[in-house]
Amino acid sequence: MLKEYVRPDDGMSKAERKAEAKRLQDKLTAQQMALKEAKIPVIVLVEGWAAAGKGSLINDLISEVDPRFSSVFNADSARKESDRYPFLYPYFKAIPEDGKLLFMDSGWMEATVRASLSGELGKRDYRRRILSVNRFERQLRDNGYLVLKLFINIPKDEQTQRLQELCASEDTDWRVSAYDLWQNEDYGDFRKAYDAFMTETEEISPWHILDGSKKSLLKYDAFRLLTDLIESGLAAGRCHGAPVEEEFPLLPMPKLADVDLSVSIDKDAYKAELKELQEKIARLHNVIYRKRIPFVICYEGWDAAGKGGNIRRLAYPLDPRGFDVYPIASPEPHEKARHYLWRFWTRLPRSGHFAIFDRTWYGRVMVERIEGYCEESDWQRAYNEMNEFEEELHEWGAVILKFWIHIDRDTQLERFTARQNTPEKQWKITEEDWRNREKWPLYEQAVTDMLEKTSTEYAPWYIIESNDKLYARIKVLRIVAEAMERAIDGKKD
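Everything in the sequence shown is counted per the working numbering, starting at 59 for the first residue and increasing by one.
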């Protein structure tokens, strides 16, 4: 691919190409406004050899773009976060809002090739990385993003000359890293690795190889490819991908109607076990932090089921420096303008920390499904996307526990009425709560579908019987404590 690459001759003179590049530059300026109106986001990934001109090309591309609606991503920031977060974290974090452009100075390709050739990634981990990249690019495409992937190619002798020129001056030698010199020394190995990566990540978003030997050619080709992509994207409109069904290790789940909600616990027994479990969790949290095991705890459930009180009992024994609780409400405008998983990717815990979500990404297949806040294809596709998301967290090393806090309709009515009639609790009840109650059968079906399609071996759902709130709290603490012990036993120092 790279070894044999020769740019096709288009028959244009240098003057003609320069004039056409200026026309395309002006076209991109106009297209940016059209993208904003159509709410279509664009990601331009610029990969290539060290000293090939990635930075200069990005400068050219953004020169006529309104900086209020574009941003630049630098791969150095991703490397700084790589040891505390999942591989895809910095890239998901960087994705632009609807109608904006993101230009990436290297990204998931360079990170993968570097880790592979350094020995950081074994064969199994490399295959997982390729799977992650393809899933990421498919999710972007299916959620309406336009993605352009460019690789700037230069021969080894050209790279050697450019690196030597940079090193010859004290004003520019800082731009040459040990990694750049290693890449030049082992040029052939890197070329094979780049070729393999491009071949294996070509299906969703194609790669475009550009000749970096002449800046005028590089600039023209990049503007042509970008404006062509945007033109076709604007003509097609915002994409909503079809549902994808992959194989995941699903666990059998009971139907909500079959769950016995009569279980309870004596108040004295509750107090004694609560103290014991909280002390145990506090001890285990120190080990979890030392071993850098991240925990992701998800709470969903009926209104008035007791999620808040349950979360408080779980959070109390945790070191406050090592956990965050995220109450998830309707997305803010800047969140709604991105991939729906973005606001959860950006709230992931660092390794060794806990993230506790009061409501989660599963709103996509419950409230958004029932209230019509997204297209049918969006929520149907989301089951697979959320399984992929959680598998990514599991492969990173996270422990994922998902709790459905369950009560029956009569218990909910009793609690709603009590809140309505108690002045200090009236803030807990809204007209929306009463309206949602009328849709109980619809929500019950949505929850049943969710449990059946997303309870996996690596991210199981636990139905927590909460007609007796005390019993529910103890059950959750037991599950968390047992999961912490298993994680510690399975993680070598």
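Don't be surprised by glycine CBs; every beta carbon is placed ideally from N, CA and C.
Query raised in the report: Do the CB positions of residue 146 and residue 194 come within less than 8 Å of each other?
Result: Locating residue 146 in the sequence shown gives position 88, counting from the first residue. Locating residue 194 in the sequence shown gives position 136, counting from the first residue. Going by C-beta atoms, residue 146 is nearer than 8 Å to residue 194.
Requested in this report: Identify the continuous alpha helix (DSSP H) that holds residue 59 and give its terminal residues.
Outcome: For the purposes of this step, residue 59 is identified with residue 1 of the sequence shown, where counting begins at 1. In the DSSP annotation of this structure, residue 59 is not part of any alpha helix (DSSP H), being labelled neither H nor E.
Query raised in the report: Which residue's Cα is closest to the Cα of residue 84: 414, 249, 278 and 343?
Result: Here the question's residue 84 lines up with position 26 in the sequence shown. Nearest of 414, 249, 278 and 343 to residue 84, Cα basis: 278.
Report task. Measuring alpha carbon to alpha carbon, tell me which of 152, 228, 257 and 501 ends up nearest residue 430. Result -> Against the sequence shown, residue 430 aligns to sequence position 372. Cα-wise, what sits closest to residue 430 is 501.
Query raised in the report: What do you reckon, is the C-beta of residue 400 under 7 Å from a heavy atom of the ligand SAM?
Result: This structure lacks the ligand SAM; in fact it carries no ligand of any kind.
Query - Residue from 149, 302 and 285 with nearest C-alpha to residue 78 - result: Position 20 of the sequence shown holds residue 78. Cα-wise, what sits closest to residue 78 is 285.
Query - Alpha carbon of residue 98 to alpha carbon of residue 546, nearest angstrom - result: What you label residue 98 is simply residue 40 of the sequence shown in a count that begins at 1. What you label residue 546 is simply residue 488 of the sequence shown in a count that begins at 1. Taking the straight line from one Cα to the other gives about 44 Å.
Requested in this report: For residue 526, count neighbouring Cβ atoms within 10 angstroms of its own Cβ and tell me buried if that reaches 16, exposed if not.
Outcome: For the purposes of this step, residue 526 is taken as the residue at position 468 of the sequence shown. So residue 526 counts as buried.
Query - Through-space distance from residue 130 to residue 244, alpha-carbon basis - result: Translated into the one-based positions of the sequence shown, residue 244 becomes position 186. Translated into the one-based positions of the sequence shown, residue 130 becomes position 72. Rounded to whole angstroms, residue 244 to residue 130 spans 29 Å at the Cα level.
Report task. Can you have a look at residue 236 and say buried or exposed, based on whether 16 or more other CB atoms are within 10 angstroms of its CB? Result -> Residue mapping note: residue 236 aligns to position 178 of the sequence shown, counting from 1. Counting Cβ neighbours within 10 Å, residue 236 comes out exposed, since fewer than 16 surround it.
Query raised in the report: Any contact of the segment 115 to 131 with the segment 60 to 67, i.e. 3+ C-beta pairs under 8 Å?
Result: Touching, no.
**Report entry** Local conformation of residue 227 per DSSP, three classes
**Finding:** Working through the sequence shown from its first residue, we reach residue 227 at position 169. It is coil, neither helix nor strand.
Query raised in the report: For the candidate residues 148, 156 and 361, whose alpha-carbon lies nearest to that of residue 552?
Result: Since the displayed the chain opens at 59 and closes at 551, residue 552 lies outside it and no answer follows.
Query raised in the report: Where does residue 335 sit, in a helix, a strand or coil, going by DSSP?
Result: Within the sequence shown, residue 335 is the residue found at index 277, counting from 1. Residue state, collapsed to three classes: helix.
Report task. Please classify residue 370: is it buried, with 16 or more other beta-carbons within 10 angstroms of its beta-carbon, or exposed? Result -> The residue you call residue 370 lines up with position 312 of the sequence shown. That one is exposed.
**Report entry** C-alpha distance - residue 578 paired with residue 346, whole-angstrom precision
**Finding:** Lying before the first or after the last residue shown, residue 578 is absent from the chain, which here runs from 59 to 551.
Query - Straight-line gap, residue 175 to residue 377 (C-alpha atoms, nearest Å) - result: Here residue 175 refers to the residue found at position 117 when the sequence shown is read from its first residue. Here residue 377 refers to the residue found at position 319 when the sequence shown is read from its first residue. When rounded, the distance between both Cα atoms is 39 Å.
Query - Collapsed DSSP secondary structure at residue 234 in the structure displayed - result: The residue given as residue 234 occupies position 176 in the sequence shown. Correct three-state label for residue 234: coil.
Query raised in the report: Alpha carbon to alpha carbon, what distance is there between residue 446 and residue 421?
Result: In the sequence shown, residue 421 corresponds to position 363, counting from 1. In the sequence shown, residue 446 corresponds to position 388, counting from 1. If you take the alpha carbons of residue 421 and residue 446, they lie about 16 Å apart.
**Report entry** Same chain, Cβ closer than 8 Å to residue 484, neighbours up to 5 away in sequence not counted
**Finding:** For this step, residue 484 is matched to residue 426 along the sequence shown. If we look at residue 484 and ignore the five residues flanking it on each side, its Cβ neighbours are 477 and 478.
Requested in this report: Output the distance between the C-alpha atoms of residue 269 and residue 238, rounded to the nearest integer angstrom.
Outcome: For the purposes of this step, residue 269 is taken as residue 211 along the sequence shown, with counting starting at 1. For the purposes of this step, residue 238 is taken as residue 180 along the sequence shown, with counting starting at 1. Taking the straight line joining both Cα atoms gives about 19 Å.
Requested in this report: Check whether the Cβ atoms of residue 311 and residue 528 lie closer than 8 Å to each other.
Outcome: Translated into the one-based positions of the sequence shown, residue 311 becomes position 253. Translated into the one-based positions of the sequence shown, residue 528 becomes position 470. Contact: no.
Query raised in the report: Can you tell which of 134, 105 and 159 has the C-alpha that lies nearest to the C-alpha of residue 90?
Result: The count along the sequence shown starts at 1 and reaches residue 90 at position 32. Looking at the Cα atoms, 159 is the closest of the given residues.
Query raised in the report: Among 179, 139 and 133, which one has its Cα closest to the Cα of residue 165?
Result: The residue you call residue 165 lines up with position 107 of the sequence shown. Selected option, being the one with the closest Cα: 133.
Query raised in the report: Given residue 353, which residues of its chain have a CB within under 6 Å of its CB, disregarding the five upstream and five downstream residues?
Result: Working through the sequence shown from its first residue, we reach residue 353 at position 295. So the qualifying residues of the chain are 412 and 457.
Query raised in the report: What residue does the beta strand (DSSP E) around residue 99 start on, and which one ends it?
Result: Mapped onto the sequence shown, residue 99 falls at position 41. It is not in any beta strand (DSSP E) - residue 99 carries neither H nor E in the DSSP assignment.
Query raised in the report: How many angstroms separate the CA atom of residue 382 from the CA atom of residue 281?
Result: In the sequence shown, counting from the first residue as 1, residue 382 sits at position 324. In the sequence shown, counting from the first residue as 1, residue 281 sits at position 223. Approximately 44 Å, taken between the alpha carbons.
Query raised in the report: Straight-line CA distance for residue 454 to residue 416?
Result: Counted from its first residue, the sequence shown places residue 454 at position 396. Counted from its first residue, the sequence shown places residue 416 at position 358. In a straight line, the C-alpha of residue 454 is about 22 Å away from that of residue 416.
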